[in-house]
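Participant:
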Amino acid sequence: MSAGPLSSRYRTAFVTGASTGLGLAFSHMLLQEGVQVWGTARDPGRLPACVGFHPVRLDLADGERAEAAFREAERAAGGFDLVINNAGFGVFGAFAPTEFDAWEEQFRVMLVNTARLAHLGLRGLLLRQRGALVNVSSLAGEFSLPYQPVYNAVKAGLSALSESLMYEVKGTGVIVIDFRPGDYRTDFEGSVRRPDQPGLDPLNAGRMARAWTAFERMMRSGPPPVHAAESLKRALRAGCSRTVRTGRPFQAVVAPLLARFGSLALKRRIQESYFGL
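Just so you know, numbering that gives the first Met the number 0 puts the end of the sequence shown at 276, numbered straight through with nothing missing.
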């Protein structure tokens, strides 16, 4: 484990979704560690203005333009030693009544186009034989959130991608971190999209209302984003590929143990009770 600042190992970093929440906390942590940060947002005007931070306009809805923005930033930085795929969004709704376009967009943005950036970033890291790729997935990939089916699916997919890449980078000088946060006070719930759902039955409508209330309560009572940034800093200092679960102790430690040693039926009952289903 390196005891020095992260800048002794990571000179430059690329962070998606850096204007708010975890991405902003990661950026501030890296800057404090002496790392130059290229941070992205759809609206660069929302990005911080501070020494060492380089704003990048990037919208993951357009994969080709996102790829071009990454390449341009990479040239300006002289290569990235750290790539953090953090950007994403939530969609809350019952799967069948919601038009599939909403789900397809979430798949494209959060899995397909995030994988595009992971692909680009990893090529550069392997070329220089050093650095880290961090894919921010979620504990929702293990403990599915009700009425957020595709969010759960894409986060589980990112974890599976990271797990596979850990085998590929072994012995190369590059590490891969599957970073799985739980609930943090990021106002994520305030940006969740809630599309129209024509024909939603009363039973699901009632369940959705209770699930949304529980979801808001979880997010507002979670730890501050700086807690997640400290978890990431420790993982980067450790210097080896790993899965990092972070959040309140029940989510990050107790629940995974229950899932590992309990049954799937027990896990579902706990989730149903918590969300009032």
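Note that beta-carbon positions come from the ideal geometry of N, C-alpha and C, so glycine has one too.
Values in this document were obtained by computation on a predicted structure and should not be read as measured data.
Output the distance between the C-alpha atoms of R236 and A159, rounded to the nearest integer angstrom.
Facilitator: Roughly 23 angstroms between the two C-alpha positions.
Participant: Once DSSP output is grouped into helix, strand and coil, what is the label at F99?
Facilitator: Helix.
Participant: Could you tell me if K169 is buried or exposed, where buried requires 16 or more neighbouring beta carbons within 10 angstroms of its beta carbon?
Facilitator: K169 should be labelled exposed.
Participant: Taking the alpha carbon of E277 as the reference point, which residue from L21, F13, L110 has its own alpha carbon closest?
Facilitator: A question about residue 277 goes unanswered here, because the residues of the chain that appear run from 0 up to 276.
Participant: Could you compute how far the alpha carbon of Q250 sits from the alpha carbon of A227?
Facilitator: Their Cα atoms are separated by approximately 13 angstroms.
Participant: Report the three-state DSSP secondary structure of Q105 (helix, strand or coil).
Facilitator: Q105: helix per DSSP, three-state reduction.
Participant: If you run the structure through DSSP and keep just helix, strand and coil, what is N203?
Facilitator: Three-state result, N203: helix.
Participant: Whole angstroms is fine: what's the gap from E73's alpha carbon to A24's?
Facilitator: Roughly 21 angstroms between the two C-alpha positions.
Participant: Between G205 and P96, what straight-line distance do the alpha-carbon atoms span, to the nearest angstrom?
Facilitator: Between G205 and P96, the C-alpha separation is close to 15 angstroms.
Participant: Just tell me which of L164, E98, T113 has its CA closest to the CA of L199.
Facilitator: The shortest C-alpha separation from L199 is found at E98.
Participant: According to the neighbour-count rule (16 or more other Cβ atoms, all chains shown, within 10 Å of its Cβ), is T245 buried or exposed?
Facilitator: Buried is the call here.
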